[in-house]
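Chemist: Structure below; questions to follow.
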Ligand SMILES: [Ca+2]
Ligand SMILES: [Ca+2]
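Set out below in structure tokens:
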């Protein structure tokens, strides 16, 4: 029984890990100007990442470097 339980967990957890998929920067940057406005950001990421916590330098936009940091943090769990 214990072995079955462990197998069940191993089967289930990869599914959980994949449940949160953070989109690529270029897919969030709807107008392709190389930065994410709050509107673009929230359209893709509401409920996943808070815009203000992603905008680390507080300039009101999330650039690719800032986005990479939050994407990595979310996907790492
Ligand atoms: Ca943009
Ligand atoms: Ca910024």
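In the numbering used here, the protein residues as written are -7 to 69.
Here a beta-carbon is modelled for each residue, glycine too, at the ideal position from N, C-alpha and C.
Given the structure is predicted, the values throughout are model-derived calculations rather than measurements.
Taking the Cβ atom as the reference point for each residue, do residue 61 and residue 28 lie within a distance shorter than 8 Å?
Modeler: Taking the first residue of the chain shown as 1, we reach residue 61 at position 69. Taking the first residue of the chain shown as 1, we reach residue 28 at position 36. No, these two residues do not count as a Cβ contact at 8 Å.
Chemist: Looking only at C-alpha atoms, which of 17, 49, 65 sits nearest to residue 35?
Modeler: For this step, residue 35 is matched to residue 43 along the chain shown. Residue 17 is the option with its Cα nearest to residue 35.
Chemist: Buried or exposed for residue 65, going by 16 or more other Cβ atoms inside 10 Å?
Modeler: Position 73 of the chain shown, counted from the first residue, corresponds to residue 65. Burial call: exposed.
Chemist: So if DSSP puts residue 55 in a beta bridge, which residue, or which two residues, is it bridged to?
Modeler: Counting from 1 along the chain shown, the entry for residue 55 is found at position 63. In the DSSP output, where bridge partners are listed per residue, residue 55 has 27.
Chemist: How is residue 62 classed by DSSP in three states: helix, strand or coil?
Modeler: Within the chain shown, numbered from 1, the residue matching residue 62 stands at position 70. It is helical.
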